[in-house]
Amino acid sequence: MKNLAFLGGFLLLSGLLAPASAPGGDPVYIADVITIGLRQGPDPKSSIIKALQSDTVLEILEERDKYLRVRTATGDEGWIPRQHVSSQTPKTRIIASLNTELAALKEKAQPLQGTSNRSAAEVQALQAQYNNVKAELDKLKSQASGDQTAMARQLTEITERYNTLREQSAHVTELGQENETLRMTNDKLGKDMEALRQEGTHLKRTDMIPWFLAGGGVFLAGFIIARLSSGKKKKSFY
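According to this note's numbering, the residues represented by the sequence shown are -5 to 232, in order.
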């Protein structure tokens, strides 16, 4: 009985209170409900070797600032951000361990219920232990479900914000193209107006020439008539 109680407490404490590990020490895990890229170098622009899912077991090979060089169970090596790694046993592994413990407790409880030489107190104590483990298991399952729901909601919000920004960006691009078209049209109209203005000035000067010639002709005709009239008066005087 004491061994079972010790086993249950050890499973919970080892999962929830595990200390951070150093290179070459205990394994670490990818944090709950995320997927990150295992990269060739400690740089967010470095090429991705493969995607690592939540609860992936990793061995730390090297630490460098905000990155860790790790090795997976399949032998893949690369770099990941330190913030996405946890030394705590994932909830899914704790749940699996508790399920195993529940199965073992059920197996032990069945013969006790049919054996008369076992005391009722021992059976009740075992049942109480079973109930405690089951309650802890249900609690962890509820927490895991809540974490997944929150992450799904956050992912939906981020997706919506991304789509909105992409639509706004497309609209800004269209406005920029339209403004460029209007600018080119405005420049063309300005050049056309300047050409028309110059042509109008030239036409105005051309139209003035006949009027100038006509004015000069009238003046010349008047001068000739005046001279002729003056000559006639002189002849009649003599």
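Beta carbons are placed, not taken as given, at the ideal position from N, Cα and C, and that holds for glycine.
Inter-residue CB distance, residue i and residue j (contact presumed, cutoff 8 Å)
| i | j | result |
| --- | --- | --- |
| VAL79 | VAL22 | 5 Å |
| GLN34 | ILE24 | Actually they do not touch by this definition, with Cβ atoms about 18 Å apart. |
As assigned by DSSP and simplified to three states, the class of residue i
| i | result |
| --- | --- |
| THR68 | coil |
| SER81 | coil |
From the options, residue whose alpha carbon lies closest to that of residue i
| i | options | result |
| --- | --- | --- |
| GLU131 | LEU96, GLU151 and LYS100 | Glu is not the amino acid found at residue 131; the sequence shown has Leu there. Out of LEU96, GLU151 and LYS100, LEU96 has the C-alpha closest to the C-alpha of LEU131. |
| ASP49 | GLN77, PRO84, GLU161 and LYS60 | PRO84 |
| LYS100 | GLN137, GLN121 and LYS60 | GLN121 |
| GLN137 | ILE89, THR175 and GLU154 | ILE89 |
| THR86 | THR68, ALA45 and LYS135 | LYS135 |
| THR66 | ALA98, LEU32 and SER81 | LEU32 |
| ALA129 | ASN93, ALA98 and GLU53 | ASN93 |
| GLY72 | ALA98, LYS133 and SER40 | SER40 |
Check whether residue i and residue j have beta carbons under 8 Å apart
| i | j | result |
| --- | --- | --- |
| ILE74 | LEU55 | no |
| PRO38 | ARG58 | no |
| ALA45 | THR68 | no |
| ASP261 | SER81 | Past the edges of the chain, shown from -5 to 232, lies residue 261, and the structure says nothing about it. |
| LYS102 | ARG76 | no |
Where the beta strand (DSSP E) through residue i begins and ends
| i | result |
| --- | --- |
| ARG33 | 30 to 33 |
| LYS44 | 42 to 46 |
| ARG58 | 51 to 58 |
The ligand ADP heavy atom lying under 7 Å from the CB of residue i
| i | result |
| --- | --- |
| PRO75 | For the structure depicted, the ligand ADP is absent and the ligand set is empty, with no information on it obtainable. |
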